[in-house]
Amino acid sequence: MGPGEWAMLITLSLLWGGSFFFVGVAVKALPPFTIVALRVSLAATALLIFLRFTGRAMPRDPRIWLAFFGMGLLNNLIPFSLIVWGQTHIASGLASILNATTPLFGVVVAHLLTDDEKLTANKLSGVLIGFLGVAVMIGPAALGGLGSNVLAQFAVLGAALSYAFAGVFARRFKRMGVAPIVTATGQVSASSIMLVPIALLVDHPWTLTVPGLEVWGAIIGIALISTALAYVLFFRILETAGVTNLMLVTFLIPVSAILLGALFLGENLEPKHFFGMVLIAAGLAAIDGRLVRRFRRKQTVDPDLACGENI
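For the sequence shown, the residue numbers in UniProt numbering are 1 to 311.
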C-alpha cells in the first residue's frame, strides 16, 4: 500500500474505533438490534441524499442489487447478529480478541478464492504478530473466559469469518463498474431492508421510552461517521489495496479506541498498550514488506554485512 492507502486505513480505524464511544452511550437506552437498524438506515438515508445532490443515481441492474444484498448479509447482518449474541455470553475483551482473527481468515480466504492475493510468508507472519499485539493490548485477563461459553466464542469467530468472505465478495463491485460511494450506499440500503424488520420483531421499539438528545447524538454519530463515511473508505481501500490489506483495520481499531479513550476520556495508557502497539506496528510492517525488501537489498549490496564479517 502507498501513503494514501495507509492514511485511509488509519482514518477508517479511527472511525470504527470511535464507534465504541457512540455505542457506549446508545446502549444505555436502546436495545442492540434497534441501534444496528438505526445505524444502517440513517447511514443509507444520508448516502442516498448525498448521491442525489451530487447527481449520481443508484444502479437498476438486478444483478448489482443482488450483490448489494449479498454484501449486506456478509458484512452487516450475519456478523452484527453473531457479535451481538456472542457478547451476551462472553466478555467484550475476549470478543475483541476473537474478532481480531479477521485478518487471519482474510489471508486464507483471499488465498483460496482469488488469483492475485496469495498467501506469503510475510503476510502470514505479519498477521500473526499483529494478532499477538491485539491480545497483548487487551490483556491476558480477557483470555480468562476462553474455553467456557464455546458457542458464543464460535459465534464471534463466525463473524470474523463472515467479514473475511465479505472482503472477497466485495471485489466484484469493481468488476461491475460500481463506484465505492455507490457500493457503500447499496450495502447499507440492503442491510436496512433486512435489519429493520428484525429490530421490529425482536426489540419492539415502539414500546421503548423515547431517548434523550445525548442518545440521539450518539446514534447520528455512529450512523454518519462510523457507518456512512466509514464504508465509503472501506470500499475505496478494497478497490485500491485488496482484501488482505483492508482486513488489517481490525488490528488498528483497538489502538484507535484506546488512544481516543486516553485523549478524550482521561483513561490511562499502560505499558501493555504500548507493547501491543509496537507488535501491531511490526506486524503491519511485515505485511507491507517494504522494510523487509530494503533489508534484503542492503544485504545483497553489502556482502560483508551479509556474511557477518563486520560484527
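Each residue gets a CB set at the ideal place from its N, CA and C atoms; glycine is no exception. Please read all numbers here as calculations on a predicted model, not as lab measurements.
Could you tell me if the beta carbon of residue i falls within a distance shorter than 7 Å of some heavy atom in the ligand SAH?
i	result
residue 85	What this structure holds is no ligand at all, so the ligand SAH is not there to describe.
Where do the ends of the alpha helix (DSSP H) carrying residue i lie?
i	result
residue 186	180-203
residue 108	102-113
residue 219	213-223
residue 247	243-247
Whole angstroms is fine: what's the gap from residue i's alpha carbon to residue j's?
i	j	result
residue 180	residue 37	22 Å
residue 116	residue 241	11 Å
residue 69	residue 235	15 Å
residue 9	residue 44	22 Å
residue 310	residue 82	Any reading at residue 310 must be qualified, since the residue scores a pLDDT of 43, below 50, and its modelled position is unreliable; no value is offered.
residue 281	residue 208	44 Å
residue 251	residue 134	6 Å
residue 136	residue 275	7 Å
residue 243	residue 196	29 Å
residue 118	residue 112	8 Å
residue 97	residue 86	13 Å
residue 279	residue 24	28 Å
residue 58	residue 268	46 Å
residue 5	residue 11	10 Å
residue 28	residue 203	14 Å
residue 211	residue 283	42 Å
residue 140	residue 198	36 Å
residue 286	residue 3	16 Å
residue 227	residue 138	24 Å
residue 273	residue 230	25 Å
residue 103	residue 26	28 Å
residue 49	residue 1	32 Å
residue 122	residue 218	40 Å
residue 78	residue 47	22 Å
residue 277	residue 131	11 Å
residue 157	residue 163	10 Å
residue 22	residue 239	28 Å
residue 321	residue 159	No information on residue 321 is available, as it lies outside the stretch 1 to 311 that the chain covers here.
DSSP on residue i, reduced to helix/strand/coil?
i	result
residue 140	helix
residue 171	coil
residue 269	coil
residue 156	helix
residue 240	helix
residue 210	coil
residue 176	coil
residue 2	coil
residue 310	At residue 310, the pLDDT of 43 sits below 50, so the modelled position is not reliable and the matter cannot be decided from this model.
Whole alpha helix (DSSP H) runs in the UniProt domain "EamA" (8-138) with 4 or more residues, listed along the chain?
-> 32-53, 62-72, 78-86, 92-99, 102-113, 121-138
Inspect the CB distances between the segment 181-197 and the segment 56-69 and report whether three or more fall short of 8 Å.
-> As far as the Cβ criterion goes, the segment 181-197 touches the segment 56-69, which means the pair count is three or higher.
Flag this pair as touching only if the segment 14-26 and the segment 220-231 have three or more C-beta atom pairs under 8 Å; answer yes or no.
-> yes
Are three or more beta carbon pairs between the segment 125-134 and the segment 148-156 nearer than 8 Å?
-> Put simply, the segment 125-134 does not touch the segment 148-156. Fewer than three CB pairs are less than 8 Å apart.
Does the count of Cβ pairs from the segment 48-55 and the segment 251-260 closer than 8 Å reach three?
-> No contact exists between the segment 48-55 and the segment 251-260.
Any 3 or more C-beta pairs closer than 8 Å across the segment 23-38 and the segment 171-180 = no
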